[in-house]
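Chemist: My questions all concern the structure below.
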Amino acid sequence: MNSTLPRYLVDLIDYARSNLAEAPILRQMSTIDLTVQPEVTERRFQYDIRMAYIFGQGCAYAERGSTFCGEDLVGRNALDHLHTFDRSSQIAVMDALFAKFPKKASDRIILEGEVRVKSEQRPAFYSRNVVAKLGDARNKRVLMIGLVKAIARDLASHGISVTVTDLDAQAQTDARVEQDQSDRLQFIHPDDISGEIGTFDLVLATGMTLANGTFQDISNLCRGNGVPLMLYAQTAAHLAPFTIGRGADYVIAEYFPFFVFGGSSVIEFFDTDQMT
């Protein structure tokens, strides 16, 4: 269990306790066993998705087959028992809680149609907002933590040099293949990030960093090297915008149902502190 919480999460818990007029009762906990390949050139993703419901649907990706704790806490005050959850479940529960609080996005898109079609629409939204923050994007350097081929390729098509890192062994192999096929796509091993991070103009990091416990270290590295951090978050889409000013500088939030599921998929971009 995670009895010691990172600083950003402690701050958000304090904010929730100060701003809730009703108890955050946990109404649902579940896990989705997900295997998906959005389109033929993308890799197969295999994860568990922790699901929680309090004021909205909270979600957090977890490693396949990882321990799931918390079913016996359904019906109880989530904040009072948060320390007993595994980290992915903690983030899913906090995500479900932060669905209560209004947010102000600066850009928004709704993806419609088949999964294949939505997977083709999605990267353009990412590039639009990354390019807007980079200014003259050509020859700027972006570190992508968590490989999504379609997004990396789209960023590269704008003249951005994209360096990819990932903890997943298959993703590392795929990233090396992409490197061989494009002079604007490169791979760096996760162990080498700390020594190189100051050379980038932007870090684009998956929301899974919230669930696997690496977000605090990454945000500290970015802040120490003066590099802005943009989270792209299916994990904790409701919660992630509130990390702006507490580790993140920008957030792309993808709400459930994600683009790999049926129905409409909403994506929003945030670039202002949601707690001020």
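Residue numbers for the sequence shown follow our numbering, so the first one is 1 and each next one is one higher. Heads up, the beta-carbon is just placed ideally off N, CA and C, and yes, glycines get one too.
Which residue or residues does DSSP assign as beta-bridge partners of Ser30?
Modeler: Ser30 is bridged to Met51.
Chemist: Determine the DSSP secondary structure at Leu111, reduced to helix, strand or coil.
Modeler: It is a strand residue.
Chemist: Just to confirm, is the Cβ distance from Leu239 to Met94 under 8 Å?
Modeler: Cβ distance < 8 Å, so Leu239 and Met94 count as in contact.
Chemist: Have a look at Ile252 and Ile267 and give me their C-alpha separation to the nearest angstrom.
Modeler: When rounded, the distance between both Cα atoms is 7 Å.
Chemist: I believe Met275 touches Thr235 by the beta-carbon criterion, under 8 Å. Please report the beta-carbon distance rounded to the nearest angstrom.
Modeler: Their Cβ separation, rounded to whole angstroms, is 20 Å, which puts Met275 and Thr235 out of contact at 8 Å.
Chemist: Is the distance from the Cβ of Ser106 to the Cβ of Glu42 below 8 Å?
Modeler: Their beta carbons are not under 8 Å apart, which means Ser106 does not touch Glu42 by this criterion.
Chemist: In the DSSP output, which residue or residues are listed as bridge partners for Asn77?
Modeler: The partner list for Asn77 (beta bridge, DSSP) reads Ile25.
Chemist: Which value, in whole angstroms, describes the spacing of the CA atoms of Asp273 and Pro228?
Modeler: When rounded, the distance between both Cα atoms is 14 Å.
Chemist: Mind checking Val129: buried by the 16 CB within 10 Å criterion, or exposed?
Modeler: The question names Val, yet the displayed sequence has Asn at residue 129. Burial call: buried.
Chemist: Can you list the beta strand (DSSP E) stretches of 3 or more residues lying completely in the region 120–188, in chain order?
Modeler: Complete beta strand (DSSP E) runs here, min 3: 141–145, 161–165, 185–187.
Chemist: Whole angstroms are fine: how far does the CA of Pro38 sit from the CA of Ala152?
Modeler: Distance between the alpha carbons of Ala152 and Pro38: 15 Å.
Chemist: Within a Cβ cutoff of 8 Å, which residues of the same chain sit near Tyr15, ignoring the five residues on either side of it in sequence?
Modeler: Contacts found: Phe242, Met275.
Chemist: With distances taken Cα to Cα, identify the nearest neighbour of His81 among Ile25, Gly245, Asp154.
Modeler: The shortest Cα separation from His81 among Ile25, Gly245, Asp154 belongs to Ile25.
Chemist: Determine, using beta carbons only, whether Glu283 and Ile188 come nearer to each other than 8 Å.
Modeler: The structure shown does not extend to residue 283, since the chain spans only 1 to 276, so no value can be given for it.
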